[in-house]
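A.B. asks: In numbering that gives the first Met the number 0, the protein residues as written are 0 to 154. Even for Gly, the Cβ is constructed at its ideal location relative to N, Cα and C.
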Amino acid sequence: MATLNDLFTRYGHPSDEWNATKHFYYTRAECIKRVEDIQGADEKAKQDIAELLQLSELLQEYRRTLYERAQAFFGCGYSLLLKVWREINYYNGKKFYFVEIQKTPGVKNAAPIQLLWERYEGKERHKALARFEELKKLYPNIPTEKDINKHTWER
């Protein structure tokens, strides 16, 4: 019997996802012309039913792991991060500044949640930096990241 770990294994190595396709091809019973073919079709139907029942049990187990993962998210702590960074649009050379506050759950492989995201044109650099400093005062003791220097390829 396969396990949930077997389903999430690809080419002998653990995988982050599982993708399976099952095709069914059966002939209508009144169109089968030989008794041997009827027995073969019945055996194939029994095997497919057993496989689908096993898959149903594995999906129930998968739902239990999803529940445990949700409980980990609801019971964990969070950390905040204040960021400001500069980007250049490669097509037209325009510069943009972004200010963001991220909330990161204290769970393995958790994606940060955007609490605040603001975009400023390159001409509004001073507004972006002023907003960054304002948010630093509003959220004392929050870790910050500042990446607004020119990159080496821009010089």
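Taking only the alpha-carbon atoms, compute the straight-line gap between residue 52 and residue 37 and give it to the nearest angstrom.
C.D. replies: Here the question's residue 52 lines up with position 53 in the sequence shown. Here the question's residue 37 lines up with position 38 in the sequence shown. Between residue 52 and residue 37, the C-alpha separation is close to 23 Å.
A.B. asks: Going along the chain, which residues of its own chain have a beta-carbon closer than 8 Å to the beta-carbon of residue 142, five neighbours each way excluded?
C.D. replies: For this step, residue 142 is matched to residue 143 along the sequence shown. Closer than 8 Å at Cβ, skipping near neighbours: 78, 79, 80 and 81.
A.B. asks: Tell whether a beta-carbon distance below 8 Å holds between residue 95 and residue 121.
C.D. replies: Along the sequence shown, read from residue 1 onward, the residue named residue 95 stands at position 96. Along the sequence shown, read from residue 1 onward, the residue named residue 121 stands at position 122. Their beta carbons are under 8 Å apart, which means residue 95 touches residue 121 by this criterion.
A.B. asks: Tell me whether the beta-carbon of residue 48 lies closer than 8 Å to the beta-carbon of residue 40.
C.D. replies: In the sequence shown, residue 48 corresponds to position 49, counting from 1. In the sequence shown, residue 40 corresponds to position 41, counting from 1. Taking the C-beta atoms as reference points, residue 40 is found no nearer than 8 Å to residue 48.
A.B. asks: Could you check the C-alpha separation between residue 19 and residue 64 for me, to the nearest Å?
C.D. replies: Here residue 19 corresponds to residue number 20 of the sequence shown, with the count starting at 1. Here residue 64 corresponds to residue number 65 of the sequence shown, with the count starting at 1. Approximately 19 Å, taken between the alpha carbons.
A.B. asks: Name the two residues that bound the continuous beta strand (DSSP E) containing residue 78.
C.D. replies: Sequence index remark: in the sequence shown, residue 78 carries index 79 (1-based). From DSSP, the beta strand (DSSP E) with residue 78 extends over 77-87.
A.B. asks: Out of curiosity, what's the CA-to-CA distance linking residue 13 and residue 21?
C.D. replies: Here residue 13 refers to the residue found at position 14 when the sequence shown is read from its first residue. Here residue 21 refers to the residue found at position 22 when the sequence shown is read from its first residue. Approximately 21 Å between the Cα atoms of the pair.
A.B. asks: State the CB to CB distance for the pair residue 62 and residue 147, rounded to an integer number of angstroms; the pair is presumed to be in contact (CB under 8 Å).
C.D. replies: In the sequence shown, the residue the question calls residue 62 occupies position 63. In the sequence shown, the residue the question calls residue 147 occupies position 148. That belief does not hold up - the Cβ atoms of residue 62 and residue 147 are roughly 46 Å apart, past 8 Å.
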